[in-house]
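**Q** This structure is in structure tokens; I'll ask about it shortly.
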Amino acid sequence: MAYDQQQRFEGIRSVAIIGAGISGILATKYLLQAGLDVTVFERNETPGGVWLYDENKAAEPPYSATKPLETARALCPWYQEGNQQDGIVSAEDALRHAPPGACYE
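With the working numbering applied, the sequence shown corresponds to residues 23 to 127, in that order.
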């Protein structure tokens, strides 16, 4: 459905957009045109999503577990003791959590 100038967002005045890739940027554009207050959250320093070039290489993908996980904490290895410093995780764990995009040189 094309954007309708008569469309109203009754009761909604502010919107959060997660990600400043092409979809997030376009959503922001049209929501601003509709008169809404928009806040965009992006994990990278620069918008662009998968088109953002990053020299880092993705980490080797994990392999299936041979037995069930003992605890839910095991699902988030970057939060285990000794790995977190003032809310910052190691570079290796950060790369595993947020691998580089698909844009390559």
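Glycine included, every Cβ here is placed at the ideal spot set by N, Cα and C. Computed from a predicted structure; not experimentally measured.
1. Just how far apart, CA to CA, sit Ser112 and Ser36?
2. Determine the burial state of Gly43: buried for a count of at least 16 other Cβ atoms within 10 Å of its Cβ, exposed for fewer.
3. Hey, could you find the ends of the beta strand (DSSP E) Asp59 is sitting in?
4. Is Ile39 helix, strand or coil when you go by DSSP?
5. Nearest-angstrom Cα distance between Ala124 and Gly70?
**A** Per the coordinate set shown:
1. Within the sequence shown, numbered from 1, the residue matching residue 112 stands at position 90. Within the sequence shown, numbered from 1, the residue matching residue 36 stands at position 14. Ser36 has its alpha-carbon roughly 35 Å from the corresponding atom of Ser112.
2. Here residue 43 refers to the residue found at position 21 of the sequence shown. Buried, by the Cβ-count rule.
3. What you label residue 59 is simply residue 37 of the sequence shown in a count that begins at 1. Asp59 -> beta strand (DSSP E) spans Asp59 to Phe63.
4. As a position in the sequence shown, residue 39 is number 17, starting the count at 1. It is a strand residue.
5. For the purposes of this step, residue 124 is taken as residue 102 along the sequence shown, with counting starting at 1. For the purposes of this step, residue 70 is taken as residue 48 along the sequence shown, with counting starting at 1. Distance between the alpha carbons of Ala124 and Gly70 is about 11 Å.
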